[in-house]
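Residue numbers (our numbering), protein chains in the order written: chain A, 1 to 195; chain B, 1001 to 1195; chain C, 2001 to 2195; chain D, 3001 to 3195.
This report refers to the structure that appears directly beneath it.
Number of protein chains: 4
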Amino acid sequence: MGKGRLEAFSDGVIAIIITIMVLEIKVPHGESLDDLAPLLPVFLSYVLSFVYVGIYWNNHHHLLHASTTVTGAMLWANLHLLFWLSLFPFATGWMGENHFTPLPTALYGVVLLMAAIAYYVLELAIIRAQGPDSLLKKAVGRDWKGKLSPLLYIAAIVMTLISTALAEAIYVAAALIWLVPDRRIEHVLPAHHDH
Amino acid sequence: MGKGRLEAFSDGVIAIIITIMVLEIKVPHGESLDDLAPLLPVFLSYVLSFVYVGIYWNNHHHLLHASTTVTGAMLWANLHLLFWLSLFPFATGWMGENHFTPLPTALYGVVLLMAAIAYYVLELAIIRAQGPDSLLKKAVGRDWKGKLSPLLYIAAIVMTLISTALAEAIYVAAALIWLVPDRRIEHVLPAHHDH
Amino acid sequence: MGKGRLEAFSDGVIAIIITIMVLEIKVPHGESLDDLAPLLPVFLSYVLSFVYVGIYWNNHHHLLHASTTVTGAMLWANLHLLFWLSLFPFATGWMGENHFTPLPTALYGVVLLMAAIAYYVLELAIIRAQGPDSLLKKAVGRDWKGKLSPLLYIAAIVMTLISTALAEAIYVAAALIWLVPDRRIEHVLPAHHDH
Amino acid sequence: MGKGRLEAFSDGVIAIIITIMVLEIKVPHGESLDDLAPLLPVFLSYVLSFVYVGIYWNNHHHLLHASTTVTGAMLWANLHLLFWLSLFPFATGWMGENHFTPLPTALYGVVLLMAAIAYYVLELAIIRAQGPDSLLKKAVGRDWKGKLSPLLYIAAIVMTLISTALAEAIYVAAALIWLVPDRRIEHVLPAHHDH
């Protein structure tokens, strides 16, 4: 199993996830502004999820870029990550349609949390496959982002009991932390242009 | 992050957008011509959007073809463009189902406008990444199409207050301007065959 | 614009078309055989369309395989073909849900006819791009399949006025004619393995 | 027709199948745990199908990896496999929405059975194309997994008459058998990195 196939399949799945999320913004029957207004929270949750899936796509590529071989463990760790990402459309739609009420907001955080854990597991699987001199291990260093994010998602899930606005603010903040691509990997790895 | 991955992911997202738009043409329950007739405006708006997404795919490739490296700014400018393109199915469906009434027609123009701006931002990001001797800068020249299009979309949005037929005519005209692939880039760049 | 990009984009669109057609087989609410039975015509029309899209994918690749450069005319001829293929899910769903009644069966034939014409136009665009010594022109020869198919579709469309069963039989027969990949092109072109 | 195109198209179709299955988990209108609870069986059937499609993607790649040329028979055997895989979203949705009642559970088994047979037919087509010294034939050996799985699916289909819980247990067990990638092929084939 070559790396190229794994990348192409992951690209395909992530491209579909990011696009079918938009199907949750159901076309309203009326033609007035009043028909459009209830879609605003659905739209906002779509924007947030689009950014999150974009971040995952970006970081996923940095991760695989740093890897050379594909083991069975990596393959299933990757499918495990895609599984949780595939729940984004559902979690996004439910949170948006219910205007950011507590339970849907908490479930959104659970999906974010599980995806973050799955990403971390994939990172470990790649590092293990690379052995003691793992280039990726050096590249990610202590990976404070990877460790902080799950804590933020847990904080946001608990926060939904008190204020969903604050929970959403945490989701936005956690996205902003990741928005910058992981330059640590870029610095360690030599310059490289895919064909 | 290599250019190949960026192209493949964008291809995937655009292929999905152009295809799921057709899902807005809901299969009618009846079997007569009367059941099919109300779908005509939905079909016409689908044709228009299919052409627009085709234009974006075409020009997007000319743009990336002219670029050599991928920077973080380019990556997010590209995702930003894909975001606005992903709203085509919604805007198309709403305009079609409401038979080209003013507000849906104006919203369609807003999505066109935002996509045009996002395309322009991506162009700037690539030119900046290429530095003062940017090949793309030379290739696009003054880019009169890129500057005229947003003005046409704004004109059409305002026009929906007076006549949606005229607004639609502007959308069609703006598409026709772009229908010819951007030969300027082809002329400056040396011949090249991907695979 | 390289051939590889055109192939990859077409592959993506055709892969999505062949897959979203299955969404027209709506999951029934009941759990008995009586709930499943009304889906039989939808399923049968899905099988027919799956075979047709498979044929187009197959022949499309033989066509592009025989081509070396990509012109603007080829690009738009290709998008034009993809446009008609993208209407397969709608035409299939309407014909299936209405149990092969005349008008939906005729519309299905119209989509088949337009796709066949679009395929022929793409063939001509490639032959023209290759000039007087066109390898593809030699390969397709007189192209009796490409000329017979539209006649069969027209015959089937007219036939829906008399017997939809006969019209469907013609669609099945026309598919069987194409089911064998176009060996003419294989014979003329030298052996070739994509990377 | 090169192997790369066949792999890319299959990747695309499988990526779409695995992702649109999630659309069967319909976003509930309410926002409480009671609204979410009925979705548990739909979710569980999604997990099972996600694993199955993941297994097919994985093994499909090992299969094609072991092959060198693409014949017409292989191409149609591959489309035949994709056809049965494309019915996973429907079978999964029907089984989940009906809470694992007998008929939907049996139909799920039928789709699994047909996909397993289609996979076996593809295997035979590749072995035949490779001739008497087939590398794949050596690699798969007696293929006890490929022969046991259909028997398990048949057992589960019959079992739905007695206990759907036992039938589901068999589906899970059959998935676990396949979860380990087919190391036999890996052992015989030399190490290989795509592109």
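For glycine and all other residues, C-beta sits at the position ideal for the given N, C-alpha and C.
Chain-ordered neighbours of residue i on chain A, where CB pairs are closer than 8 Å
i, result
"R1005 of chain B", "E7, D11, H61, D194"
CB contact check: residue i to chain C, cutoff 8 Å
i, result
"L3040 of chain D", "no"
"P1190 of chain B", "Note that P1190 of chain B scores a pLDDT of 45, beneath 50, so its modelled location is shaky; the value from the coordinates is reported in the next line. Output row for P1190 of chain B: interface = no."
"I1018 of chain B", "yes"
Neighbour list for residue i in chain D, Cβ cutoff strictly below 9 Å
i, result
"W84 of chain A", "Per Cβ cutoff of 9 Å: no residues; W84 of chain A is ~11 Å from chain D at best."
Collapsed DSSP secondary structure at residue i in the structure displayed
i, result
"T2019 of chain C", "helix"
"N98 of chain A", "coil"
"H1029 of chain B", "coil"
"T2069 of chain C", "coil"
"G2109 of chain C", "helix"
"S1045 of chain B", "helix"
"G2093 of chain C", "helix"
"L1085 of chain B", "helix"
"G1002 of chain B", "coil"
"A1191 of chain B", "For A1191 of chain B, the predicted structure reports a pLDDT of 42, less than 50, and the residue's modelled location is therefore unreliable. A value from the coordinates is still provided. DSSP places A1191 of chain B in coil when its eight states are reduced to three."
"I1014 of chain B", "helix"
Any chain A beta carbon closer than 8 Å to residue i
i, result
"T1164 of chain B", "no"
Interface partners of residue i on chain B, CB under 7 Å
i, result
"N58 of chain A", "L1075"
Under 8 Å by beta carbon: chain D residues contacting residue i
i, result
"L2033 of chain C", "L3103"
"F2100 of chain C", "By Cβ distance, chain D contributes nothing, its closest Cβ being about 20 Å from F2100 of chain C, past 8 Å."
Contact with chain B by residue i, beta-carbon distance below 8 Å
i, result
"P28 of chain A", "yes"
"I2177 of chain C", "no"
"G2093 of chain C", "yes"
"T68 of chain A", "no"
Per-residue contacts from residue i into chain C (C-beta, under 7 Å)
i, result
"F3090 of chain D", "V2022, I2025, V2027"
"L3079 of chain D", "G2054"
Proximal chain C residues relative to residue i, where beta-carbon distance stays under 8 Å
i, result
"A1169 of chain B", "Within 8 Å Cβ-Cβ: nothing; A1169 of chain B doesn't reach chain C, min ~21 Å."
Chain D contact for residue i (CB, 8 Å cutoff)
i, result
"A2015 of chain C", "yes"
"L87 of chain A", "yes"
"G2002 of chain C", "no"
Whole alpha helix (DSSP H) elements within the region 131 to 176 of chain A, 4-residue minimum
135 to 140, 144 to 159
Closer than 8 Å, Cβ to any Cβ of chain A: which residues of the region 1115 to 1138 of chain B, in chain order?
none
Using Cβ-Cβ distances below 7 Å, what residues of the region 1144 to 1158 of chain B are close to chain C?
none
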